[in-house]
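Numbering follows the numbering used here, in which position 160 of the sequence shown is assigned residue number 289; successive positions increment by one, without gaps.
All residues carry an ideal CB built from backbone N, CA and C; glycine is no exception.
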Amino acid sequence: DQTQSTLAGVRGAMEDEGELTWVDDLEDFEEEEAPETLFNEGKELYMEGKYSQAFTIFKDSIEDERLTYLQEEIAFYLGSTMFTRLQYKGSLPYLEMSINDNKAYYYEHALMTLSFARFFVKDYQNAIVSFNAYLDDFNDGGFVPHALLMLGKSHKALGENDKARGYFSDIENKYKDSEVYNNAVNEMIGL
């Protein structure tokens, strides 16, 4: 009966095919590591810059059906790990999955990483969409000058020099102290 089985479990017994057997040493039984624990270990490895090890854990985690409620967060870390390893094309589906929740703590970083990945694979139209989404959602965010620079570069790559010039001018006029200022000025010279 269920009650007997539950009580026996508390006392150190184990049910094996309907029969209760006593367990002498409970330490002999290794519990399977909780999938969340493994995912958290992956995040720690990611933060430590151990991307190869983190990648393996994230790849396993995204395929674990017990973690479906964390799929978007796992996708963010998996995509970011691939991006960091210069696997831009491979990172795209994971980064795209990770931006579904614009309230998630990682959303801003995911959106910028996705934008850069799209730019690096020369998908300039979608990079423009992503960088504009960033500006819409984070118009006072720390990456605004970078987003403007990349919008200018994307338009320049598409031969839309007037639009590119507008973004480079915005940086030149509004973000003189930005680390991307000189890059924007140099891009303007080339137009």
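Three-state secondary structure (DSSP) of PHE272
Sequence index remark: in the sequence shown, residue 272 carries index 143 (1-based). It is coil, neither helix nor strand.
Please determine, among LEU207, GLU202, GLN200, GLU165, the residue with the shortest C-alpha to C-alpha distance to THR185.
Taking the first residue of the sequence shown as position 1, residue 185 is located at position 56. Selected option, being the one with the closest Cα: LEU207.
Can you give me the start and stop residues for the alpha helix (DSSP H) that SER209 sits inside?
Taking the sequence shown and counting its residues from 1, the one referred to as residue 209 is at position 80. In the DSSP assignment, SER209 falls within the unbroken alpha helix (DSSP H) covering 200-213.
Are three or more beta carbon pairs between the region 258-265 and the region 237-248 nearer than 8 Å?
Verdict: yes, contact present.
To the nearest angstrom, report how far apart TYR310 and ASN302 are at their CA atoms.
Within the sequence shown, residue 310 is the residue found at index 181, counting from 1. Within the sequence shown, residue 302 is the residue found at index 173, counting from 1. Each residue's alpha carbon lies about 9 Å from the other.
Just the Cα atoms here: how many angstroms apart are ALA163 and SER298?
One-based indexing of the sequence shown puts residue 163 at position 34. One-based indexing of the sequence shown puts residue 298 at position 169. If you draw a straight line from the Cα of ALA163 to the Cα of SER298, it comes to about 52 Å.
I'd like to know whether the C-beta atoms of ASP266 and LEU240 end up nearer to each other than 9 Å.
Counting from 1 along the sequence shown, the entry for residue 266 is found at position 137. Counting from 1 along the sequence shown, the entry for residue 240 is found at position 111. For ASP266 and LEU240, yes; Cβs fall inside 9 Å.
Taking just the CA atoms, how far does GLY178 sit from GLU192?
On the sequence shown, position 63 is the one that residue 192 refers to. On the sequence shown, position 49 is the one that residue 178 refers to. Inter-residue distance for GLU192 and GLY178 is about 23 Å (C-alpha atoms, whole angstroms).
Within the continuous alpha helix (DSSP H) that includes ARG195, where are the two ends?
Locating residue 195 in the sequence shown gives position 66, where the first residue counts as 1. Unbroken run through ARG195: none, as it is neither H nor E.
Is any heavy atom of the ligand COA found at a distance shorter than 8 Å from the C-beta of PRO222?
The ligand COA is not among the ligands present in this structure, which contains no ligands whatsoever.
Helix, strand or coil at LEU352 according to DSSP, with G and I counted as helix
One cannot answer for residue 352 here, as it falls past the ends of the chain, which runs 130 to 320.
Where LYS251 and ASN229 are concerned, what is the direct C-alpha to C-alpha distance, given to the nearest angstrom?
Looking up residue 251 in the sequence shown gives position 122. Looking up residue 229 in the sequence shown gives position 100. Approximately 23 Å between the Cα atoms of the pair.
CB contact flag (SER283, PHE249, <9 Å)
As a first step, residue 283 must be located in the sequence shown, where it is residue number 154. As a first step, residue 249 must be located in the sequence shown, where it is residue number 120. Not a contact, by the Cβ cut-off of 9 Å.
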